[in-house]
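The opening position of the sequence shown corresponds to residue 153 in the working numbering, with each subsequent residue numbered one higher.
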Amino acid sequence: MEDDDKRVVDLVKELVQRLLYTSNPQSPCDSAPNQQDYNQAVKYSLRILSSRMTPSIAVDDAAMAESIKRRLATAGNSSEALTFADLYTKFSSKSGFGSVKNRWAVLYLLKTISEDRKIRKNHFPSVISNGFLDSALAGGLPALSHSDVRTSSSGGHEKLNKNPNVGGFSNAFDSFSGSSDSNRNLRDLSNFEKLESDRCEKNLGANFDSFSSLTENMKKLKGFEDNSRGLNAREHFDKKLGRGMLLVSKDPENIRDRAYRELVDLIKEENEVSEVVLVRDVLYVCQGIDGKYVKFDEKVDAYMLPEFVKVPRATRIMVQKLCELGLLFRKVKQYIIESTVRYPAEDVGTVGQAFCAALQDELSDYYKLLAVLEAQTMNPIPLVLENASSGNYLSLRRLSVWFTEPMVKMKLMAVLVDSCKVLKGGGMAGAIHMHAQHGDPLVHDFMNRLLRRVCSPLFEMVRSWVLEGELEDIFAEFFILGQPVKAESLWREGYRLHSAMLPALISQSLAQRILRTGKSINFLRVCCNDQGWADAATEAAAAVGTSTRRGGLGYGETDALESLVAEAAKRIDRRLLDVMFKHYKFKEHCLAIKRYLLLGQGDFVQYLMDIVGPDLSEAANTISSFKLAGLLESAIRSSNAQYDDSDILDRLRVKMMPHNTGDRGWDVFSLEYDARVPLNTVFTESVMSQYLRIFNFLWKLRMIEHALIGVWKMMKPNCVTSRYFPKLPQAVKLQLILTSRMCQVLWDEMNHFVSNLQYYIMFEVLEESWSDFSKELEAAKDLDDLLGAHEKYLYSIVEKSLLGERSQNLNKTLFVLFDLILRFRSHADRLYEGIYELQSRTVDPTSRANVGGSKVSSDKTSDLGPWLGEGRKDTTRRAGEFLQNMAQDLDALVKEYSTVFEGFISQLSIQQHVDLKFLMFRLDFTEFYSQLRPSKDEKLLF
């Protein structure tokens, strides 16, 4: 064991000697270090190796090597970093004899020495210039001063001092053994002195410095201390210890006492400013006030301790970290001042004011903490190993512990301030709510306490809107916006959601229910003049156990809010529907529009067309609207419409649409229905314009049907007219029969089309849509459902009636067919008026009386008028020409109608609506047109 200790000491001395020769490694003899520096370095090395003090970092040689390599690379020494990496690889891979087990300690030692040489090079010129002792000066073991190294006057020890391989330990032990007082009092050390004399004669260098002898000496020294408690012995021991004696022992009491005393002196030398002053400056900074040394630097936007103030680096870093609280406080305080003093109230709003009040409350608690800490600064900070008069002193480290919780809160408040600078109202509450989703209980409780204050104005607005219908939002902070509109537009345009003010704590669906509930109250109050909603709101609040007074709701009570809104909406919407259906008879008015505007009252429509037909055949600019209004009254009194409610009949009126030159009365005549408040919320101007469009289409269809019926009435008495022309030539008689037959066939085809289209519109479109609409009215729960059902009902009629956007081409084709039918009516009138004139010319009076069932008014002119004054031969010639021309016109009309109709059928087959395909089935149920199209396509191919 003694040999191992001797070998370790020799290795340490050799390592120290090599390190001290680093200034000129080529010629170490020429640059021998100072003997005093050498002795000091050896002492320090052995004290480190025999110390029980260990670093506080984890033992990881790979991480330590990576740290050294990163430091070299950051300093710009890339080549040295690569060299170090290569050397470390070889160092760590070596195993067996000559390998090092504690690689981490070696790397840590090298790194510490390198850092100390750089950091302390210029700060301590009085110690060894190579920085070897800087670890002690930076907080490790203290170094021995130069006065501790003394030269003995004994001859043997002079030789020992001249020997460069023996350090200052000989001086220490020589001084210790040369004292007669110490020899008398320390009898147990006689063996130690004898051992020292023998080693000086033989091999004073290595044997004297062995660790085993030092350990044995420290044991004897411990016995001396236990047995010699006298004052003189203690003073003598301190005197020798002050002269540089190194005591290495498992009992660190003496070393620690000496080390701490030297550390106190070192700290006093390094600090120009005491810690008490710095603590006071930090407390001032935390209140936004510049301290004596720590001041706010506008360039870096932070509180800084000037560089010229000499303090340890660790102290400077701690002061900067503590001053961060003051910077955050400055930001929060500035926001509160700007919001409450500089900015007008409309820019801040009630939510912003509540936020500032909540922040001010938190700062009040913060001020109380600073007051307590300020009181503790009156107690002095005790030095090392000194007994403090009071334990309530305040140091920088204690201040960092006190500021842990305030720092978290202040950082959070600063983040909230940055997030809410440009926000207000519900947007501000939503932004603050997003920061409440945190797992830290401290942050969670703090945010809940803050949000209860911030959201109180917002929840009060919700309560007032849901239960009273009042929009108390003078600064536009609520997520519901109101604007002045007419009564008929109150529901659709009076109120809407403001998405920018909708906080995240209220979902979109809940916001919609809140909006609808308040709208229902205002609709009942303004449009329906009803006050029953107040009882419904009170019952809703009582049902969920919520007070109708202020402060009944708050943050964190989302479930209670949803229950209140759901209950209030259910009761108020039920009240609204009862008023609409029972008091204002909404369904009856819908049925009246269907019967009169959609021509569902058959007898009324037929009688109206019969009595207004002659007037509507005139030019539009010659028709009197007052006369048509009187005819409308006659049609009502002459049909079952007279039994309807007088309020409904009073709303039905005649309307003449704007007309152009050449328009007939049929083109501009229409009916309108006067929907008053609150019915005009459903029957708006746009809705009534769609009803007018549907009426014009149905009126046109009824007019076409009426025209075909008129043609049929004209054709019916002339079905056997050919027997009354026995004197006509056979060719003329045959031409008459063929022309009449062509007219009859074309009428049948047109009548088939119009009849099936009429049936489709009346039953498949109007009746089916009304049935669906009635079911949805029964299932409606609120006014929005009512409006949605009516819009769906109207949309269904428009789409199925070929009036929708997707059926524009089909609608144009349909109106072309209507025009062709009207042209056919004109051709048929000409044909049968001509036949009547021919009968009048050729038959005798007796037969003419039998055929006179079809009379045409004498004031109508025709092409056969001159026949009456001609002879039989000219009459026959003129009749042949007339019939031939009519046959050609009808033939051209047949071809054009067939072409357009086939185009209509082909377009109908590609429509997406199912009911339109059913219309095609009705028109082509015999598959006549389907078989006709392929045959025509084959002709086109050949």
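Virtual Cβ for every residue (Gly too), placed ideally from N, Cα, C.
Short Cβ contact (9 Å threshold) for F598 with K561: Residue 598 sits at position 446 when you count from the first residue of the sequence shown. Residue 561 sits at position 409 when you count from the first residue of the sequence shown. Contact flag set, yes.
Rounded separation between H587 and E920 - CA only: For the purposes of this step, residue 587 is identified with residue 435 of the sequence shown, where counting begins at 1. For the purposes of this step, residue 920 is identified with residue 768 of the sequence shown, where counting begins at 1. If I take the Cα positions, the gap works out to 55 Å.
Distance CB(T502)-CB(E629) smaller than 9 Å: Start at 1 with the first residue of the sequence shown, and residue 502 comes out as number 350. Start at 1 with the first residue of the sequence shown, and residue 629 comes out as number 477. Contact flag set, yes.
6 Å CB neighbourhood of R805 in its chain, flanking five on each side removed: The count along the sequence shown starts at 1 and reaches residue 805 at position 653. Within the same chain, R805 has close Cβ partners E824.
Presumed contact (8 Å Cβ cut-off) between D767 and G814, rounded CB distance: Position 615 of the sequence shown, counting from 1, holds the residue named residue 767. Position 662 of the sequence shown, counting from 1, holds the residue named residue 814. The Cβ separation is near 17 Å, so there is no contact.
F1077 in three-state terms, based on DSSP: Sequence index remark: in the sequence shown, residue 1077 carries index 925 (1-based). F1077 falls in the coil class under three-state DSSP.
Whole-angstrom C-beta distance between F611 and E498, which should lie under 8 Å: Translated into positions along the sequence shown, residue 498 becomes position 346. Translated into positions along the sequence shown, residue 611 becomes position 459. That belief does not hold up - the Cβ atoms of E498 and F611 are roughly 21 Å apart, past 8 Å.
Cβ neighbour criterion (16 or more within 10 Å) applied to S672: Start at 1 with the first residue of the sequence shown, and residue 672 comes out as number 520. So S672 ends up on the buried side.
Same chain, Cβ closer than 8 Å to A980, five either side skipped, listed in chain order: Locating residue 980 in the sequence shown gives position 828, counting from the first residue. Correct list, in chain order: V863, M866, M867, C895, W899.
K447, enclosing beta strand (DSSP E) - first and last residue: On the sequence shown, position 295 is the one that residue 447 refers to. Its beta strand (DSSP E) spans residues 447-449.
Bridge partner(s) assigned by DSSP for L633: In the sequence shown, the residue the question calls residue 633 occupies position 481. DSSP output for L633 lists R648 as bridge partner(s).
Cβ pair count under 8 Å reaching 3, the stretch 756-771 against the stretch 722-741: no
Anticipated Cβ contact below 8 Å, A692 with L716, distance rounded: The count along the sequence shown starts at 1 and reaches residue 692 at position 540. The count along the sequence shown starts at 1 and reaches residue 716 at position 564. A692 to L716, Cβ: 7 Å. Contact.
Endpoints, beta strand (DSSP E) assigned at E498: For the purposes of this step, residue 498 is identified with residue 346 of the sequence shown, where counting begins at 1. That residue, E498, is in no beta strand (DSSP E); its alpha helix (DSSP H) goes 497-528.
Distance CB(T710)-CB(I788) smaller than 9 Å: Counted from its first residue, the sequence shown places residue 710 at position 558. Counted from its first residue, the sequence shown places residue 788 at position 636. No. Outside cutoff.
Euclidean distance between Cα positions of G752 and E1079: For the purposes of this step, residue 752 is taken as residue 600 along the sequence shown, with counting starting at 1. For the purposes of this step, residue 1079 is taken as residue 927 along the sequence shown, with counting starting at 1. The alpha-carbon atoms of G752 and E1079 are separated by roughly 31 Å.
Cβ separation of V834 and H942, assumed to be a contact under 8 Å, to the nearest whole Å: Residue mapping note: residue 834 aligns to position 682 of the sequence shown, counting from 1. Residue mapping note: residue 942 aligns to position 790 of the sequence shown, counting from 1. Contact flag correct, Cβ pair sits at about 6 Å.
Span separating the alpha-carbon of S349 from that of D189: Within the sequence shown, the letter at position 197 stands for residue 349. Within the sequence shown, the letter at position 37 stands for residue 189. The predicted position of S349 is uncertain, since its pLDDT is 38 and thus under 50; no value can be drawn from it.
DSSP bridge partner residues for L823 (one or two, in chain order): Position 671 of the sequence shown, counting from 1, holds the residue named residue 823. Partner(s): V806.
Coil, strand or helix - R816 by DSSP: On the sequence shown, position 664 is the one that residue 816 refers to. The answer is strand: DSSP assigns R816 an E or B state.
For Y455: DSSP bridge partner residues: Along the sequence shown, one-based indexing puts residue 455 at 303. Y455 pairs with F448.
Exposure of Y984, with buried meaning 16 or more beta-carbon neighbours within 10 Å: Numbered from its first residue, the sequence shown carries residue 984 at position 832. Looking at its Cβ environment, which holds 16 or more other Cβ atoms inside 10 Å, Y984 is buried.
Cα-Cα separation, A932 to R665: Residue mapping note: residue 932 aligns to position 780 of the sequence shown, counting from 1. Residue mapping note: residue 665 aligns to position 513 of the sequence shown, counting from 1. Distance between the alpha carbons of A932 and R665: 15 Å.
Element boundaries [alpha helix (DSSP H), containing P609]: The count along the sequence shown starts at 1 and reaches residue 609 at position 457. Note, P609: alpha helix (DSSP H), 608-620.
Whole-angstrom distance between Y519 and A663, CA atom to CA atom: Along the sequence shown, read from residue 1 onward, the residue named residue 663 stands at position 511. Along the sequence shown, read from residue 1 onward, the residue named residue 519 stands at position 367. If I take the Cα positions, the gap works out to 40 Å.
Cβ shell of V500 (< 6 Å), same chain only, five flanking positions each side left out: Looking up residue 500 in the sequence shown gives position 348. Result list for V500: S491, in chain order.
Neighbourhood of K1069 by C-beta, 8 Å cutoff - its chain only, sequence neighbours within 5 removed: Along the sequence shown, one-based indexing puts residue 1069 at 917. L1060, S1061, Q1063.
Start-to-end residues for the alpha helix (DSSP H) that takes in E951: Within the sequence shown, the letter at position 799 stands for residue 951. Here the alpha helix (DSSP H) through E951 covers 935-952.
Unbroken stretches of the alpha helix (DSSP H), 4 residues or longer, contained in the stretch 712-757: 738-748
Reduced DSSP secondary structure (H/G/I, E/B, other) of A227: Here residue 227 refers to the residue found at position 75 when the sequence shown is read from its first residue. A227: coil per DSSP, three-state reduction.
According to DSSP, residues forming a beta bridge with A771: Position 619 of the sequence shown holds residue 771. Partner(s): R816.
I724 burial status per 10 Å Cβ neighbour count (16 or more: buried): Position 572 of the sequence shown, counted from the start, is the residue given in the question as residue 724. That one is buried.
Outcome for E1048 when other beta-carbon atoms lying within 10 angstroms are tallied against a minimum of 16: As a first step, residue 1048 is located in the sequence shown; it is residue number 896 there, counting from the start. Counting Cβ neighbours within 10 Å, E1048 comes out exposed, since fewer than 16 surround it.
Where the alpha helix (DSSP H) through C895 begins and ends: Looking up residue 895 in the sequence shown gives position 743. Where C895 is concerned, the enclosing alpha helix (DSSP H) stretches over 882-911.
Straight-line gap, E770 to H904 (C-alpha atoms, nearest Å): Position 618 of the sequence shown, counted from the start, is the residue given in the question as residue 770. Position 752 of the sequence shown, counted from the start, is the residue given in the question as residue 904. Their backbone Cα atoms lie some 29 Å apart in a straight line.
Close Cβ partners of Y748 (< 8 Å) along its chain, the five nearest in sequence each way excluded: The residue given as residue 748 occupies position 596 in the sequence shown. The residues are F756, A793, L804, L823, Y825.
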